[in-house]
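The opening position of the sequence shown corresponds to residue 6 in our numbering, with each subsequent residue numbered one higher.
Using N, Cα and C, we set each Cβ at its ideal position, and we do this for glycine too.
None of the values given here were measured: they were computed from a predicted structure.
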Amino acid sequence: MQAPVSLLCLPCAGASATMYLRWRRVLPRWIELVPIELPGRGSRIGERFAEDFDELVAFLCEERSHALRGRYALFGHSMGALLAWGMATRLHALGQPLPRALFVSGSPAPSKRDPDRFANKDDDAALIADLRKQGGTPEEVFASAELMRITLDVLGADYRVCESFRHRGGSAMPFPVHAFGGRQDDIAPERIEAWAAEADAGFTLDWFDGGHFFIRQQESRVLLALQRRLAQTLAGGVHAAVAFA
6 MQAPVSLLCL PCAGASATMY LRWRRVLPRW IELVPIELPG RGSRIGERFA EDFDELVAFL
66 CEERSHALRG RYALFGHSMG ALLAWGMATR LHALGQPLPR ALFVSGSPAP SKRDPDRFAN
126 KDDDAALIAD LRKQGGTPEE VFASAELMRI TLDVLGADYR VCESFRHRGG SAMPFPVHAF
186 GGRQDDIAPE RIEAWAAEAD AGFTLDWFDG GHFFIRQQES RVLLALQRRL AQTLAGGVHA
246 AVAFA
């Protein structure tokens, strides 16, 4: 039987840790799911939003320090992927225990992020247009003024986090990086493929049918790929590979 490993999961912009709760019913027992809640939403709705990328990364590394010392991996979708990468690079710089693997989903590599992607997104109309474009938001949210207000406040703060990100380069990470991408996402494939430059111990890329929220549209396939890649990593058998699901 596989030895247990903690999988710390970071949410996308505008979302909370609850986006991962369904996974508990599907993942095998050897993967301990640890959804990370960011300030200002879900169970932490009364807390002040974080609006600076570096400050949020430092906060998460400190807050989750107990979970970042054992046998663990990091997973993030969209903004969550960038936060997971930021945590891994900070831990590496501080000489702290590193993840066994980094899973980055629905996100361009740090070196390929568009600096204008989150500019001028500080009004409700622009945020609502983005929600419509990306998909993944239930219609009942758009129909409820209260739910929409909560969603827009969270999304606006998260966009400010993303806008504050600055890529500073640095060496590739000494652990495998596994990227997931949606074939119909508007992120150009080469911007996702560029994650390979961040990995010095193996890189894989799995493509799935679907748009930006392919992890919901293809949930069962995504979770099977996650299990397979994590098991390969823990067995020491990760090599450069691209797969299609």
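Supposed close pair Leu13, Arg69 - CB separation, criterion 8 Å:
The beta carbons of Leu13 and Arg69 sit about 7 Å from each other, so the pair counts as a contact at 8 Å.
Query raised in the report: What whole-angstrom Cβ distance do Ala177 and Asp211 have, given they're in contact under 8 Å?
Result: The beta-carbon separation of Ala177 and Asp211, rounded to 20 Å, does not stay under the 8 Å limit for a contact.
| query | Anyone know if the C-beta pair for Glu203 and Val182 falls short of 8 Å? | reply | Between Glu203 and Val182, the C-beta gap is smaller than 8 Å, which places the two residues in contact.
In chain order, what residues of the same chain have a beta carbon less than 8 Å from the beta carbon of Ser83, not counting five sequence neighbours either side?
Cys17, Ala18, Ser110, Gly111, Ser112, His217
Pick out the complete beta strand (DSSP E) segments inside the stretch 183-245, 3 residues or longer, and give them in chain order. 208-213
- prompt: Cα separation between Glu190 and Gly215?
  reply: According to the sequence displayed, residue 190 carries Asp and not Glu. So the alpha carbons of these two residues sit roughly 7 Å apart.
Considering only residues of the stretch 64-100, which uninterrupted beta strand (DSSP E) runs meet the minimum length of 3 residues and lie entirely inside it, listed in chain order?
77-82
Distance, Cα to Cα, Leu26 vs Ile41? 11 Å
Note to self: Going by DSSP in three states, Pro44 sits in which element: helix, strand or coil?
What the structure shows: coil
| task | Taking all protein chains shown into account, decide if Val10 is buried (16 or more other Cβ within 10 angstroms of its Cβ) or exposed. | result | Answer is buried; the Cβ neighbour count reaches 16.
TODO: For Ile36, name the three-state secondary structure that DSSP assigns.
DONE: strand
| request: Would you identify the three-state DSSP class for Phe58, choosing helix, strand or coil? | output: Helix.
Margin query: Does the contact criterion of 3 or more C-beta pairs under 8 Å hold for the stretch 26-35 versus the stretch 53-65?
Written below: With a cut-off of 8 Å, the stretch 53-65 and the stretch 26-35 do not count as touching, because too few Cβ pairs lie within range.
How far does the alpha helix (DSSP H) with Cys167 in it extend, from its first residue to its last? 150-169
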